[in-house]
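Below: the structure, in structure tokens.
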């Protein structure tokens, strides 16, 4: 945890990236506002520097990294290229994964990805602020099941 928190602080990523210690591992949360335009899954250029910084961190970590897309409970708009929030959340997680593999050359064997639509809200969807918090990509550095000596 300390290594990741220090990395975020040292690289001035605090406004875009939130780090939490969870049972499954260290969760790094990025707001959708920062990564994507509304209803889209293409990464925005301003997100590249932070993702590049994170890839530098991941390059030195032996753990598996899980990338999860999450949406709020608002249905996708009628003209969307995605049928529903499942597709959108999965496509967003995949965009982040592809950045690490294609742009940064990280090893595919380190990663897994998933889309959870609105099934795992961080907070209630009853307010605009809550919905904003729920639209996110979580990158979790999974704990090793067996600590290495």
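Numbering (this note's numbering), first residue to last: 15 to 163. Cβ atoms here follow ideal geometry from the backbone N, Cα and C, with glycine treated the same way. These numbers were taken from a predicted model, which means no experiment stands behind them.
Spanning the alpha carbons of residue 133 and residue 119 requires a straight line of approximately 31 Å.
In this structure, residue 22 places its C-beta atom within 8 Å of the C-beta atom of residue 31. Between the alpha carbons of residue 79 and residue 105 lies a distance of about 17 Å. Remark: fewer than three beta-carbon pairs, one from each stretch, lie closer than 8 Å, so the segment 61-77 and the segment 85-97 are not flagged as touching.
For residue 38, the CB contacts under 7 Å within the same chain, skipping 5 residues up- and downstream, are 154, 156, 157 in chain order. Distance between residue 20 and residue 151, taken at the CA atoms: about 20 Å. Beta-bridge annotation (DSSP): residue 128 is paired with 82.
Shown here, residue 45 sits in a strand according to DSSP, grouped into three states.
The residue among 129, 50, 74 with its C-alpha nearest the C-alpha of residue 107 is 129. Buried is the label assigned to residue 99, since at least 16 other Cβ atoms lie within 10 Å of its Cβ.
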